[in-house]
Amino acid sequence: MDNTAEIEEEAMLHDIASMLATFVNEESNLIPILQMIQEKHHYLCVRALQMVAKHLGMSSSEIYGVATFYNQFRFYPPGKHQIKVCLGTACHIRGGDIILESFERKLEIKPGETTPDREFSIDRVACVGCCALAPVAIVNDTVNGHMAPSKVEGLILGFEIEKEREKREKQ
Ligand code: FES
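The opening position of the sequence shown corresponds to residue 915 in my numbering, with each subsequent residue numbered one higher.
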């Protein structure tokens, strides 16, 4: 973990400690606590799960087991560019899986993960309500319809070019 990420995580844990103080240590509070952390910090890190376990008098593996049971929780910080691939019925029929695989292969991460440089994260989502455009991928809140593997390449290349340009402008 680089220095910035470490500082961010420390600040997050500090905040979680004060949030936990507002919850009675009952197991029934587990899901509301995890939801609150996810809503505010967008993911659950290992140390956060350990803190929750200690607060509720449960084991870390029990907490992890519950958290991984629900799709709503993620365990990596979201990337700067968040990619959500729709796998609802219409998108699935029109090759949503192939689009997901293309992103996975290109970025070398799986759904729910973030690239080590924190530039990209991938998630699967259910129908986003644009079935006529299937298969669909939402990238940074923009709907990209009629996706194809070549479009995946183009999108990622566009972000890489943009990053290079920003880097050059800073020099
Ligand atoms: S199934 Fe993908 S937008 Fe509806």
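From the three backbone atoms N, C-alpha and C, an ideal C-beta is built for every residue, glycine too.
Could you give the distance in angstroms between the alpha-carbon of Ala981 and the alpha-carbon of Leu948? For the purposes of this step, residue 981 is identified with residue 67 of the sequence shown, where counting begins at 1. For the purposes of this step, residue 948 is identified with residue 34 of the sequence shown, where counting begins at 1. About 8 Å.
I want to check one thing, is the minimum distance from the CB of Thr1003 to the heavy atoms of the ligand FES below 8 Å? Counting from one through the sequence shown, the residue named residue 1003 turns up at place 89. Checking the Cβ of Thr1003 against the ligand FES gives yes.
Run through the DSSP bridge pairs and tell me what Ile1036 is partnered with. By one-based count along the sequence shown, residue 1036 stands at place 122. Paired residue(s): Ile997.
Please list the terminal residues of the continuous beta strand (DSSP E) segment that includes Ala919. Position 5 of the sequence shown, counted from the start, is the residue given in the question as residue 919. Not the beta strand (DSSP E): Ala919 falls in the alpha helix (DSSP H), residues 917 to 934.
Beta carbon of Val1050: closer than 8 Å to some heavy atom of the ligand FES? As a first step, residue 1050 is located in the sequence shown; it is residue number 136 there, counting from the start. Indeed, a heavy atom of the ligand FES lies less than 8 Å from the Cβ.
Less than 8 Å between the CB of His1060 and some heavy atom of the ligand FES, yes or no? The count along the sequence shown starts at 1 and reaches residue 1060 at position 146. His1060 Cβ: outside cutoff for every heavy atom of the ligand FES.
Check whether the Cβ atoms of Cys1000 and Ala1040 sit closer than 9 Å, and answer yes or no. Numbered from its first residue, the sequence shown carries residue 1000 at position 86. Numbered from its first residue, the sequence shown carries residue 1040 at position 126. Yes; because the gap between Cβ atoms is below 9 Å, this pair is in contact.
For Ala935 and Ala1081, the rounded distance between their alpha carbons: Counted from its first residue, the sequence shown places residue 1081 at position 167. Counted from its first residue, the sequence shown places residue 935 at position 21. Per the sequence shown, the amino acid found at residue 1081 is Lys instead of Ala. In a straight line, the C-alpha of Lys1081 is about 42 Å away from that of Ala935.
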